[in-house]
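Take a look at the structure set out below.
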Amino acid sequence: QTFEKLLIANRGEIACRVIKTCKKMGIKTVAIHSDVDANAVHVKMADEAVCVGPAPTSKSYLNMDAIMEVIKKTRAQAVSLNESICCSFVSSLSLQASEGVTFIGPDTHAIQAMGDKIESKLLAKNAKVNTIPGFDGVVKDADEAVRIAREIGYPVMIKASAGGGGKGMRIAWDDEETREGFRFSSQEAASSFGDDRLLIEKFIDNPRHIEIQVLADKHGNALWLNERECSIQRRNQKVVEEAPSTFLDPETRRAMGEQAVALAKAVKYSSAGTVEFLVDSSKNFYFLEMNTRLQVEHPVTECITGLDLVQEMIRVAKGYPLRHKQADIPINGWAVECRVYAEDPYKSFGLPSIGKLSQYQEPLHVPSVRVDSGIQQGSDISIYYDPMISKLITYGSNRAEALKRMEEALDNYVIRGVAHNISLLREVIIHPRFVQGDISTKFLPEVYPDGFKGHQLTDLERRELLATAASLYVAEQLRSQRFLGTPRIPIAKSKRSSWELSVRLGDGIYPVAVSKDGTSFFVEVDGMKLNVTSEWNLASPLLSVTIDGTQRTIQRLSRNASGDTSIQFLGTVYKLQILTKVAAELSKYMPEKAAEDTSSILRSPMPGAVVAVSVKPGDTVSEGQEICVIEAMKMQNSMIAAKTGKV
1 QTFEKLLIAN RGEIACRVIK TCKKMGIKTV AIHSDVDANA VHVKMADEAV
51 CVGPAPTSKS YLNMDAIMEV IKKTRAQAVS LNESICCSFV SSLSLQASEG
101 VTFIGPDTHA IQAMGDKIES KLLAKNAKVN TIPGFDGVVK DADEAVRIAR
151 EIGYPVMIKA SAGGGGKGMR IAWDDEETRE GFRFSSQEAA SSFGDDRLLI
201 EKFIDNPRHI EIQVLADKHG NALWLNEREC SIQRRNQKVV EEAPSTFLDP
251 ETRRAMGEQA VALAKAVKYS SAGTVEFLVD SSKNFYFLEM NTRLQVEHPV
301 TECITGLDLV QEMIRVAKGY PLRHKQADIP INGWAVECRV YAEDPYKSFG
351 LPSIGKLSQY QEPLHVPSVR VDSGIQQGSD ISIYYDPMIS KLITYGSNRA
401 EALKRMEEAL DNYVIRGVAH NISLLREVII HPRFVQGDIS TKFLPEVYPD
451 GFKGHQLTDL ERRELLATAA SLYVAEQLRS QRFLGTPRIP IAKSKRSSWE
501 LSVRLGDGIY PVAVSKDGTS FFVEVDGMKL NVTSEWNLAS PLLSVTIDGT
551 QRTIQRLSRN ASGDTSIQFL GTVYKLQILT KVAAELSKYM PEKAAEDTSS
601 ILRSPMPGAV VAVSVKPGDT VSEGQEICVI EAMKMQNSMI AAKTGKV
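Everything in the sequence shown is counted per the UniProt record's numbering, starting at 1 for the first residue and increasing by one.
Have a look at this one:
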């Protein structure tokens, strides 16, 4: 017996994840939502749903008064919270504990101690946990920040004391960057957490980011549930996670686990929590922070241990002791998680994209795949919330199997209507360095120093793509000649069996000859013949094509009457133009549209709110000077002038 009814003060995939476990445990659920989320998936899944305000999180999901009202109105016995809701809310909840309202998570003391990076570092030191050298106090102003940074020695990390999720964090390599970092971090911290206090510590170059999942009850028992490798990051936010880590040996794993449990016991922690460490190349590990919540990447731990962490959290909150001992916690197989975001990966590894999901299909037909999402076809990705679409998790008996399944799952994932980062995720998991386990938090900038450019085709892959595109074009031509299964003009007996085409891909134009035999096409590209077979179901968003015995899953995203088509092949979208030989010869007479000169205008690369304008009409600005600051999806971005000129 646990609770009759639980209120979930959250949205998106994590709210849906909690509801699933509640259904399994027979607990009724209450969802809260903002007015723009009225049709959200978590609202439909819950037994009851109440609107708590307008779109901005501060006025809805973090609106404490409104949430307290809903708790009273719905008579919820327990509350599962958004991680950003601060201590004062949990303490006002504990005041209501007399009325029988329980918080699913640790108590106020632990949240306060661990939520404050300054206090948590001191506690960790006292609990004999390895910590990073730095300044254990609040930095007052930019001048003091520079002084402290010089004492510690560059590079340094400036970060929000109350922060998390990569927000309010900046790396500084010199005095100027320290001043700028102080300004941006304090602004971001104030807008994301309502607390602009910052701390400074030594930045450990080229580390791995490995975290330990802990689980503790109210009876003094605590376990570590192995580690998660979270080193693949962009802008300090995780992109790909896996469990276990390829890097840890059993001794290091045990040492990290024991320190994590020591810290949990030191703050009398009770619930699921995560202790994050930075690990250098010599396997020295340093405490980074403790997250007093269920982490986004918890599914990989569930896959290898077989535990349902949400169920354990609910049991602990009700006062039950843990059901397991440390010796019972296994590492079974390997799990990998990719965070699928509505982002354009070609712009600094992912700038947010917004829009409506016009088509959406999760790859659940692939074996050993789990998708945690909070959206469906028709959902809106808006500027108000995190641009995450879903968490895609695959499981295998070993790492190679889990990665092979992830590759297949990414190819079979249909997302239309917004830009997404599937091309980047797929490139990361097949990259030789990643496959060997040679990774650090610098992986993306090291592997793609000039930014991510998509999959670079080998000659064989280019021929496969050209042959597939040409076959698709011919299959389309043949389909359009038939009307309800019969040729439109029965008199014309045209049994055409060969086509000469011209295909443009990138800067190249390739002559392609196609001949048909049953459901197979024989395609000649670069003097080589390829056999392309498929069921050619052109209405399906996914097409399984076999090219000379190699199976590929492709998606055709668009086409028009001018022969332009875009095809997702090996995760990356390629734009092609397919014309008949005659049309290609005539196309040189078509006028080309000149690209507009955008160097004298400043255009935001994404939608957001303008939070500061640093210039006025008549000002002379130099190249690289800040013009304004745009806040999008909780991150602040400085917009700079592309050239010297007058505003």
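From the three backbone atoms N, C-alpha and C, an ideal C-beta is built for every residue, glycine too.
Bear in mind the structure is a predicted one, so any value in this text is a computation, not a measurement.
Where does A243 fall in DSSP's three states?
-> Residue mapping note: residue 243 aligns to position 243 of the sequence shown, counting from 1. Per DSSP, reduced to three states, the secondary structure at A243 is strand.
Are V545 and T458 touching if we call contact CB-CB under 8 Å?
-> The sequence position of residue 545 within the sequence shown is 545, counting from 1. The sequence position of residue 458 within the sequence shown is 458, counting from 1. In this structure, T458 does not lie closer than 8 Å to V545 by Cβ.
Do V129 and L322 have their C-beta atoms closer together than 8 Å?
-> If you number the sequence shown from 1, residue 129 lands on position 129. If you number the sequence shown from 1, residue 322 lands on position 322. No, these two residues do not count as a Cβ contact at 8 Å.
Inter-stretch contact (C-beta, 8 Å, three-pair minimum) for the stretch 567 to 587 and the stretch 497 to 511 = These segments touch.
Reference S281; option with closest CA among K167, R208 and I329 = For this step, residue 281 is matched to residue 281 along the sequence shown. It is R208.
In terms of residues, what are the limits of the alpha helix (DSSP H) holding Q477?
-> Translated into positions along the sequence shown, residue 477 becomes position 477. Note, Q477: alpha helix (DSSP H), D459 to Q481.
Coarse secondary structure for V300, derived from DSSP in three states | Here residue 300 is taken as the residue at index 300 of the sequence shown, counted from 1. In the structure shown, V300 adopts helical secondary structure according to DSSP, grouped into three states.
In chain order, what residues of the same chain lie with their CB nearer than 6 Å to the CB of residue 648, ignoring the 5 residues before and after it?
-> Since the first and last residues shown for the chain are 1 and 647, residue 648 lies out of range.
Touch test, the stretch 387 to 401 against the stretch 290 to 308, Cβ-Cβ under 8 Å, three pairs minimum | In the pairwise beta carbon analysis, the stretch 387 to 401 is classified as touching the stretch 290 to 308: at least three pairs are separated by under 8 Å.
N332 to I354 span [Cα, whole Å] = For this step, residue 332 is matched to residue 332 along the sequence shown. For this step, residue 354 is matched to residue 354 along the sequence shown. Rounded to the nearest angstrom, the two C-alpha atoms are 38 Å apart.
Residue from T29, M388 and I383 whose Cα sits closest to the Cα of I415 | Residue 415 sits at position 415 when you count from the first residue of the sequence shown. Closest by alpha carbon: M388.
Output the residue ranges of the alpha helix (DSSP H) runs that lie fully inside the stretch 285 to 342 and measure 4 residues or longer, sorted by chain position.
-> Taking only runs of at least 4 residues, the alpha helix (DSSP H) segments lying wholly in the stretch 285 to 342 are 298 to 305 and 309 to 318.
Segment limits, alpha helix (DSSP H) that includes M256 | As a working mapping, residue 256 is identified with position 256 in the sequence shown. Counting along the chain, the alpha helix (DSSP H) containing M256 begins and ends at P250 to A266.
Quick one: does the C-beta of M639 sit closer than 7 Å to a heavy atom of the ligand FAD?
-> With respect to the ligand FAD, the structure shown offers nothing to examine, as it has no ligands at all.
Consult DSSP for residue 726 and reduce its assignment to one of helix, strand or coil.
-> Residue 726 cannot be examined here, being either before or after the span of the chain that is shown, 1 to 647.
Nearest to D205 by alpha carbon, out of N284, Y269, A190 and K643?
-> As a first step, residue 205 is located in the sequence shown; it is residue number 205 there, counting from the start. D205 has its Cα closest to that of N284, out of N284, Y269, A190 and K643.
Looking at G257 and W224, is the spacing between their C-beta atoms short of 8 Å?
-> In the sequence shown, counting from the first residue as 1, residue 224 sits at position 224. In the sequence shown, counting from the first residue as 1, residue 257 sits at position 257. W224 places its beta carbon less than 8 Å from that of G257.
Y395 bridges to which residues according to DSSP?
-> In the sequence shown, residue 395 corresponds to position 395, counting from 1. Residue pairing of Y395 in beta bridges, as defined by DSSP: A335.
Which residues DSSP lists as bridging C628, in chain order | On the sequence shown, position 628 is the one that residue 628 refers to. V613 and M639, per the DSSP bridge assignment.
Evaluate contact between the stretch 176 to 196 and the stretch 137 to 148, counting only Cβ atoms and requiring at least three cross-stretch pairs below 8 Å.
-> Contact holds: three or more Cβ-Cβ distances are below 8 Å.
The beta strand (DSSP E) spanning N226 covers which residue range?
-> The residue given as residue 226 occupies position 226 in the sequence shown. Start and end: A222 to R234.
Taking the beta strand (DSSP E) that G273 falls in, what are its first and last residues?
-> Residue numbering aside, residue 273 sits at position 273 when the sequence shown is read from its first letter. Run containing G273: S271 to V279, per the beta strand (DSSP E) assignment.
Which whole-angstrom value describes the C-beta separation of L294 and V310, a residue pair presumed to lie in contact below a C-beta threshold of 8 Å?
-> Sequence index remark: in the sequence shown, residue 294 carries index 294 (1-based). Sequence index remark: in the sequence shown, residue 310 carries index 310 (1-based). Contact between L294 and V310 holds: their C-beta atoms lie close to 7 Å from each other, under 8 Å.
6 Å CB neighbourhood of E276 in its chain, flanking five on each side removed | One-based indexing of the sequence shown puts residue 276 at position 276. E211, L288 and E289.
Opening and closing residue of the alpha helix (DSSP H) in which R496 lies = By 1-based counting over the sequence shown, the position of residue 496 is 496. Note, R496: premise wrong, no alpha helix (DSSP H); not H, not E.
Quick one: what does DSSP say Q436 is sitting in, helix, strand or coil?
-> Translated into the one-based positions of the sequence shown, residue 436 becomes position 436. The answer is helix: DSSP assigns Q436 an H, G or I state.
Counting only the same chain and skipping the five closest in sequence on each side, list residues whose C-beta sits under 8 Å from that of I152.
-> Here residue 152 refers to the residue found at position 152 when the sequence shown is read from its first residue. Same-chain partners within the cutoff: P133, G134, F135, I200, E201 and K202.
Please confirm whether S185 and K117 have their CB atoms less than 8 Å apart.
-> Within the sequence shown, numbered from 1, the residue matching residue 185 stands at position 185. Within the sequence shown, numbered from 1, the residue matching residue 117 stands at position 117. Taking C-beta atoms as the reference points, S185 and K117 fail to come closer than 8 Å.
Could you name the residues that DSSP lists as bridge partners for I104?
-> Residue 104 sits at position 104 when you count from the first residue of the sequence shown. Beta-bridge pairing links I104 to no other residue.
Residue span of the alpha helix (DSSP H) that contains D65, given as start and end | Here residue 65 is taken as the residue at index 65 of the sequence shown, counted from 1. M64 to T74 is the span of the alpha helix (DSSP H), which, as asked, contains D65.
For I422, which of F434, M406 and R433 has the nearest alpha-carbon?
-> In the sequence shown, residue 422 corresponds to position 422, counting from 1. Nearest C-alpha to I422: M406.
Could you have a look at T57 and say whether DSSP puts it in helix, strand or coil?
-> Position 57 of the sequence shown, counting from 1, holds the residue named residue 57. Three-state DSSP puts T57 in a helix.
Nearest-angstrom Cα distance between R40 and Q477?
-> Here residue 40 is taken as the residue at index 40 of the sequence shown, counted from 1. Here residue 477 is taken as the residue at index 477 of the sequence shown, counted from 1. According to the sequence displayed, residue 40 carries Ala and not Arg. A direct Cα-to-Cα measurement between A40 and Q477 gives close to 40 Å.
D175: first and last residue of the uninterrupted alpha helix (DSSP H) it sits in = Here the question's residue 175 lines up with position 175 in the sequence shown. Segment D175 to F193, the alpha helix (DSSP H) holding D175.
Please say whether V447 and R433 have beta carbons closer to each other than 8 Å?
-> Numbered from 1 along the sequence shown, position 433 holds the residue referred to as residue 433. Numbered from 1 along the sequence shown, position 447 holds the residue referred to as residue 447. The criterion of a C-beta distance shorter than 8 Å is satisfied by R433 and V447.
If you count every other CB in all the chains shown that lies within 10 Å of the CB of N126, and 16 or more means buried, which is it?
-> Here the question's residue 126 lines up with position 126 in the sequence shown. N126 comes out exposed.
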